[in-house]
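Accompanying notes for the structure given below.
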Amino acid sequence: DIQLTQSPSSLSASVGDRVTITCRASQGISTSLAWFQQKPGRAPKSLIFAASGLHSGVPSRFSGSGSGTDFTLTISSLQPEDFATYYCQQYKTYPLTFGGGTKVEIK
Amino acid sequence: QVQLVESGGGVVQPGKSLRLSCAASGFTFSTYAMHWVRQAPGKGLEWVAHISYDGTYQLYADSLKGRFTISRDNFKSTLHLQLNSLRAEDTAVYYCARSISGVGFDYWGQGTLVTVSS
Numbered sequence: 268d269i270q271l272t273q274s275p276s277s278l279s280a281s282v283g284d285r286v287t288i289t290c291r292a293s294q295g296i297s298t299s300l301a302w303f304q305q306k307p308g309r310a311p312k313s314l315i316f317a318a319s320g321l322h323s324g325v326p327s328r329f330s331g332s333g334s335g336t337d338f339t340l341t342i343s344s345l346q347p348e349d350f351a352t353y354y355c356q357q358y359k360t361y362p363l364t365f366g367g368g369t370k371v372e373i374k
Numbered sequence: 072q073v074q075l076v077e078s079g080g081g082v083v084q085p086g087k088s089l090r091l092s093c094a095a096s097g098f099t100f101s102t103y104a105m106h107w108v109r110q111a112p113g114k115g116l117e118w119v120a121h122i123s124y125d126g127t128y129q130l131y132a133d134s135l136k137g138r139f140t141i142s143r144d145n146f147k148s149t150l151h152l153q154l155n156s157l158r159a160e161d162t163a164v165y166y167c168a169r170s171i172s173g174v175g176f177d178y179w180g181q182g183t184l185v186t187v188s189s
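Rendered as structure tokens:
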């Protein structure tokens, strides 16, 4: 199985900050990587597909990059509604696997 | 608009069974692969099962060891997950999700809570 390691597991940031979350795969997955946002008590929301594609309706302050084994989710200017937990997921091979999550908290 | 609405969750005793459903609307259900994903309380996301658009191909997480069965009724635009021999560690919110080749998951349901407890 492909393991995904996210870092950091949590971070504190202020509104307006630039935030970067990384996701490392245990083997190459090309660009078959997605990012999701989840708020407490809510279903995950799809943000990024194919490592850098933005789902419809997702604000442009969210961006993704990377290929192979190393990936990044960047929020260019953190907004109050962005405080949540973020997960990466690979869909290159089955079983599909998720990273452990990164909780973005208010500083 | 695309909607996925899960149902069927509840409290069940260990060893018992439960059938979850996911009602789809706002899109042509029969042309999309579907998945179930679960999340134990306070934990991360875990992929459970996949079914092809026509129901002919299914894949499961190894950890389920044959206890769960995914199926679909394209005439009723409904996805199902049969959970058998339930264990305490199956306690989780179960989400259905739609997927697109090359894109992965795009839409998720709101989830249904399954609690396995005596």
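These protein sequence lines map, in sequence, to chains A and B.
The first sequence begins at 268 in this note's numbering and counts up one residue at a time.
The second sequence begins at 72 in this note's numbering and counts up one residue at a time.
Every residue, glycine too, gets a C-beta built ideally from N, C-alpha and C.
In this text the structure is predicted, and so the values were computed from the model without any measurement.
Under 8 Å between the Cβ atoms of residue i and residue j?
i, j, result
"Tyr165(B)", "Gly86(B)", "no"
"Ala351(A)", "Val371(A)", "yes"
"Phe98(B)", "Val76(B)", "no"
"Val187(B)", "Arg158(B)", "yes"
"Ser293(A)", "Thr369(A)", "no"
"Phe303(A)", "Ala318(A)", "no"
"Leu116(B)", "Phe139(B)", "no"
"Thr195(B)", "Ala95(B)", "Limits of chain B in this structure are 72 at one end and 189 at the other, which puts residue 195(B) out of reach."
"Ser177(B)", "Ser313(A)", "The amino acid at residue 177(B) is misidentified as Ser; the sequence shows Asp. Yes, they are a contact pair."
"Gly366(A)", "Thr298(A)", "no"
Would you mind working out which of the options sits nearest residue i, comparing C-alpha positions?
i, options, result
"Trp179(B)", "Val108(B), Arg90(B), Ser88(B) and Thr99(B)", "Val108(B)"
"Pro347(A)", "Ser279(A), Pro362(A), Ala318(A) and Thr289(A)", "Ser279(A)"
"Gly137(B)", "Lys114(B), Val119(B) and Lys147(B)", "Val119(B)"
"Gly295(A)", "Ser313(A), Gln270(A), Gln305(A) and Gly367(A)", "Gln270(A)"
"Cys57(B)", "Pro112(B), Glu160(B) and Phe100(B)", "Residue 57(B) is absent from the structure shown; chain B starts at 72 and stops at 189."
"Lys147(B)", "Cys93(B), Ile122(B) and His106(B)", "Cys93(B)"
"Tyr361(A)", "Thr287(A), Ile288(A) and Leu300(A)", "Leu300(A)"
"Ser327(A)", "Gly333(A), Ser334(A), Pro311(A) and Asp349(A)", "Asp349(A)"
For residue i, which residues in chain A fall below 9 Å Cβ to Cβ?
i, result
"Trp179(B)", "Phe303, Ala310, Pro311, Lys312 and Ser313"
For residue i, return the contacting residues in chain B, with the cut-off set at a CB-CB distance below 8 Å.
i, result
"Thr289(A)", "Going along chain B, no residue has its Cβ under 8 Å from Thr289(A), so there is no contact; the nearest lies around 16 Å."
So, under 8 Å CB-CB, residue i and residue j are touching, yes? Tell me the CB distance rounded to an integer number of Å.
i, j, result
"Gly126(B)", "Asn145(B)", "7 Å"
"Leu345(A)", "Val282(A)", "6 Å"
"Gly91(B)", "Leu152(B)", "The identity of residue 91(B) in the sequence shown is Leu, whereas the question assumes Gly. With a Cβ gap of about 4 Å, Leu91(B) and Leu152(B) count as contacting."
"Ser189(B)", "Gln84(B)", "5 Å"
What residues from chain A crowd round residue i, counting only those whose CB sits closer than 8 Å?
i, result
"Ala163(B)", "Per Cβ cutoff of 8 Å: no residues; Ala163(B) is ~13 Å from chain A at best."
For residue i, name the three-state secondary structure that DSSP assigns.
i, result
"Thr102(B)", "helix"
"Leu135(B)", "helix"
"Asp125(B)", "coil"
"Ala120(B)", "strand"
"Ala159(B)", "helix"
Residue i versus chain A: which residues are under 7 Å apart at the beta carbon?
i, result
"Gly173(B)", "Ala317"
"Leu116(B)", "Pro311, Tyr354 and Phe365"
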